[in-house]
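Asks: Chains as they are written, first to last, in UniProt numbering: chain A, 1 to 261; chain B, 1 to 247.
#1: Of all the CB atoms in chain A, is at least one closer than 8 angstroms to the CB of residue 69 of chain B?
#2: For residue 6 of chain A, name the three-state secondary structure that DSSP assigns.
#3: Nearest to residue 62 of chain A by CA position, among B:174, B:225 and B:221, is which residue?
#4: Under 7 angstroms between beta-carbons, which chain B residues line up against residue 256 of chain A? List them in chain order, please.
#5: Among the residues of its own chain, which have a CB less than 8 angstroms from the CB of residue 159 of chain A, if the five just before and after it don't count?
#6: Count the other CB atoms within 10 Å of the CB of residue 269 of chain A; is the residue buried (16 or more) or exposed (fewer)?
#7: For the alpha helix (DSSP H) containing residue 195 of chain B, name the first residue and the last one.
#8: Can you list the residues of chain A that residue 4 of chain B reaches, using a CB-CB cut of under 8 angstroms?
#9: So is residue 205 of chain B in contact with chain A if we call contact Cβ pairs under 8 angstroms?
#10: Which class does residue 22 of chain B belong to by DSSP, given the choice of helix, strand or coil?
#11: Counting only Cβ pairs nearer than 7 angstroms, list the residues of chain B close to residue 204 of chain A.
#12: For a contact defined as C-beta to C-beta under 8 angstroms, what are the partners of residue 175 of chain B on chain A?
#13: Using Cβ-Cβ distances below 7 angstroms, what residues of the segment 75-90 of chain A are close to chain B?
#14: Among A:22, A:2, A:18 and A:30, which has the Cα closest to the Cα of residue 222 of chain A?
#15: Counting along the chain, where does the beta strand (DSSP E) carrying residue 95 of chain A start and finish?
#16: I need the straight-line Cα distance from residue 210 of chain B to residue 6 of chain B, nearest angstrom please.
#17: In the DSSP assignment, find the unbroken beta strand (DSSP E) run with residue 81 of chain B in it and report its ends.
#18: Which whole-angstrom value describes the C-beta separation of residue 180 of chain B and residue 70 of chain B, a residue pair presumed to lie in contact below a C-beta threshold of 8 angstroms?
#19: Look up residue 251 of chain A in the DSSP assignment and say whether it is helix, strand or coil.
#20: Could you check if residue 143 of chain B is buried or exposed, using at least 16 other CB atoms within 10 Å of its CB as the buried criterion?
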């Protein structure tokens with residue numbers, strides 16, 4: 001009885017769908033989070049009566065045949081890279097990216113990761129780091145005596161040092177962009193790694209053609225839309241339920257067969 | 001005659017099992033974008049009775065049931081907005097053309113993605129074809145916009161037009177899995193005025209209510225066939241015990 005396995009594949013697919021949705025909902029308040037979606041495809045078909053098979057010597061053929069599908073599979077969980085809402089925080093090292101681009105983060109093992117989470121901090125040396133303490137590239141050190149730090153739309157970091165009257169340039173935060181940002185590999189902690197499918201990172205200054213601009217004292221919220229997530233969740237749950245009904249119906253048919261005396 | 005009743009019920013049960021498989025596949029693909037539901041077509045299969053020339057009256061033909069084919073329902077599914085600019089849907093008739101290793105295939109699942117080489121592909125990695133071959137984007141193309149007639153343009157200018165085709169006779173399309181269909185006997189014709197929607201996706205056209213009721217119908221029919229087999233069997237047992245009695 002194929003129906004049992006087909007319905008089982010349907011239940012597994014919906015289970016994964018619920019997992020993806022629950023991860024979106026769990027990260028509803030995660031800065032810079034990009035939601036995912038589960039994409040499904042039908043499995044291979046088995047030709048029980050091949051379409052096009054000859055039914056007579058005079059050339060008549062089977063017009064449609066019998067094709068029975070094998071169920072469903074999850075093809076991908078693409079990330080939707082749309083812009084999240086920008087929220088004001090009044091913290092001077094909170095930076096939101098408006099448009100395309102990622103901050104570059106140096107991981108402790110030397111690799112470079114990418115993030116949209118711009119809630120930055122200063123470490124003990126004054127270096128600009130992420131909340132996990134990873135250094136933002138290019139490394140920018142803010143001296144102890146610096147005050148009123150300002151970051152413009154192009155990423156230029158300036159501060160008034162000591163008793164100076166004029167601001168000093170401390171460095172520029174640049175951005176990286178990818179041909180296919182949906183192909184980046186998420187590694188948790190709001191970080192992504194470059195993959196073959198994302199293409200190599202192209203580094204550039206914010207505001208240049210194709211790059212977004214920066215906004216100081218703002219953070220980008222997750223792009224999760226709670227209403228659509230909840231309605232997707234309901235749909236997934238119902239689909240799961242219905243597939244379980246198929247299993248019990250198939251089971252009923254088998255038990256009728258085995259009860260023949 | 002009793003044997004015939006058994007065999008006829010059996011033919012119905014085999015067909016019902018296949019119908020159940022088809023329903024299960026529809027239900028499993030309830031949330032598969034661009035999926036087209038299938039249904040089974042039954043036909044009466046006449047079996048000539050034994051030629052009995054010695055008798056006055058020839059035996060009657062027996063009619064068995066046979067599943068003749070599965071038909072796809074090509075009604076469009078619901079269009080759902082997504083925020084993704086690479087999600088495309090066709091409003092009304094038409095098929096996207098994709099390049100697979102086995103040749104050109106057709107799909108209604110417009111959940112497309114970009115590869116690192118800039119090709120527009122399906123989630124299976126099949127390239128989406130435009131008027132002049134696969135659609136390719138490069139670094140200069142940032143905002144991809146697709147017009148209603150399928151014309152793809154970016155900041156760098158027009159990139160071509162997504163090929164949308166139609167078939168005079170859709171019934172000969174065969175599902176191949178991975179959301180694609182194959183056309184063997186029919187030639188696609190290019191649709192001049194397709195309506196392509198960007199940022200939308202077409203859901204499957206499975207109607208869960210209909211499938212549920214068909215499923216109940218199948219299980220009930222199956223059970224009643226079983227009870228018929230039982231009754232035929234009882235009849236035979238009674239006949240043997242009644243006729244075979246020696247007083």
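Positions of the beta carbon are idealized from the N, C-alpha and C atoms, including for glycine.
Replies: This is what the structure holds:
#1: Yes, contact with chain A.
#2: Of the three classes helix, strand and coil, the one that applies to residue 6 of chain A here is helix, per DSSP.
#3: Per the Cα distances, B:174.
#4: Chain order gives the chain B residues near residue 256 of chain A as 222, 223 and 226, where near means a beta carbon separation below 7 angstroms.
#5: Apart from the 5 residues on each side of it in sequence, residue 159 of chain A sits with its Cβ closer than 8 angstroms to the Cβ of 142, 143, 146, 147, 148, 149, 150, 167, 168 and 170 in its chain, given in chain order.
#6: Outside the shown range of chain A (1 to 261) lies residue 269 of chain A, about which nothing can therefore be said.
#7: Element bounds for residue 195 of chain B: n/a, residue is neither H nor E.
#8: Those within 8 angstroms of residue 4 of chain B in chain A number zero; the least Cβ separation is about 17 angstroms.
#9: So, not an interface residue.
#10: Residue 22 of chain B: helix per DSSP, three-state reduction.
#11: The CB of residue 204 of chain A never comes closer than 7 angstroms to any CB in chain B; the least such distance is about 11 angstroms.
#12: The answer, in chain order, is 42, 45, 67 and 69.
#13: Of all residues in the segment 75-90 of chain A, only 75, 76, 78, 80 and 82 come within less than 7 angstroms of chain B when Cβ atoms are compared, listed by chain position.
#14: Residue 222 of chain A has its Cα closest to that of A:30, out of A:22, A:2, A:18 and A:30.
#15: Unbroken beta strand (DSSP E) run through residue 95 of chain A: 95-98.
#16: Taking the straight line joining both Cα atoms gives about 30 angstroms.
#17: From DSSP, the beta strand (DSSP E) with residue 81 of chain B extends over 79-81.
#18: Incorrect: roughly 17 angstroms between the Cβ atoms, too far for contact.
#19: Under the three-state reduction of DSSP, residue 251 of chain A is assigned to helix.
#20: That one is exposed.
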